[in-house]
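First comes the structure, then the notes that go with it.
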Amino acid sequence: MQFLSSPQSKTYTGPIAGGLRAGQALFFQGVVPTDAKNFAINLMLENREDIAFHFNSRIETSSVVCDSCQGGWWTRKVEFYKSPFVKGSAFDIFMVVKPDNFKVIVNGHFFCEFQRRDPLEKVKDLNINGDVFMNHFGICEVRCFKALLHRTALGRVTQ
1 MQFLSSPQSK TYTGPIAGGL RAGQALFFQG VVPTDAKNFA INLMLENRED IAFHFNSRIE
61 TSSVVCDSCQ GGWWTRKVEF YKSPFVKGSA FDIFMVVKPD NFKVIVNGHF FCEFQRRDPL
121 EKVKDLNING DVFMNHFGIC EVRCFKALLH RTALGRVTQ
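Here's what the structure looks like:
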């Protein structure tokens, strides 16, 4: 696994070395603070204005919104009303890069799939912001999607 950084603050923006390609997964391990309202993970295009994948956990409404931003305009948001993120709790997220979409696994359970609306080769930067502490994040190769399922936030395989 290639670690991009181990950030100390709640906000991070930086390049994804070599860009993204199908068969990779972005891995995030963090904690939701007890006073959290929301946090977002954004996969940004080379211009840093457009967002290929906006993953926004809205803690106060227990929902997650996925969307993309093109030309400064949000496109068609998809909202999930049962958020796996809990104040004061640790979590891990895998965003698996597929040829046409991103599959998101949270705490070892499939959470959602988001159809990509922008070419994958244009995704160049990562932005994390809001009420979250990311302990680690990185990129790994994924040969078997099912191997990522049924893992806890501490990384132990469950039965």
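With full-length UniProt numbering, letter number 138 in the sequence shown gets 138, and the count goes up by one each step, no holes.
Idealized CB from N, CA, C, for every residue including glycine.
Since we're looking at a predicted model, the values are computed, not measured.
Annotation: the continuous beta strand (DSSP E) that includes F102 extends over 101 to 106. Classified as exposed, N135 has fewer than 16 neighbouring CB atoms from the shown chains inside 10 Å of its CB. DSSP places I16 in the coil class of the three-state scheme, outside both helix and strand.
Judged by their CB atoms, A40 and N129 are nearer to each other than the 8 Å cut-off. Each of M44, N127, C140, E46 was checked against the Cα of T11, and the nearest Cα belongs to N127. Taken through DSSP and simplified to helix, strand or coil, E49 comes out as coil.
S62 is not a Cβ neighbour of K87, given a cutoff of 8 Å. Comparing alpha carbon positions, the residue from I139, V123, R117, S89 closest to N107 is S89. Per DSSP, the unbroken beta strand (DSSP E) holding A25 starts and ends at 24 to 31. At least 8 Å separates the beta-carbon of V123 from that of G23.
In the DSSP assignment, L43 is bridged to F53, L126.
Contact check for I105 against L26 fails: the beta carbons are separated by 8 Å or more. A residue is called buried once 16 or more other Cβ atoms fall within 10 Å of its Cβ, and H54 is buried on that count. Judged by beta-carbon spacing, F114 lies within the 8 Å limit of N101, meaning their Cβ atoms are closer than that value.
The beta carbons of I59 and V31 sit no closer together than 8 Å. Per DSSP, the beta bridge partners of V65 are N56, E79.
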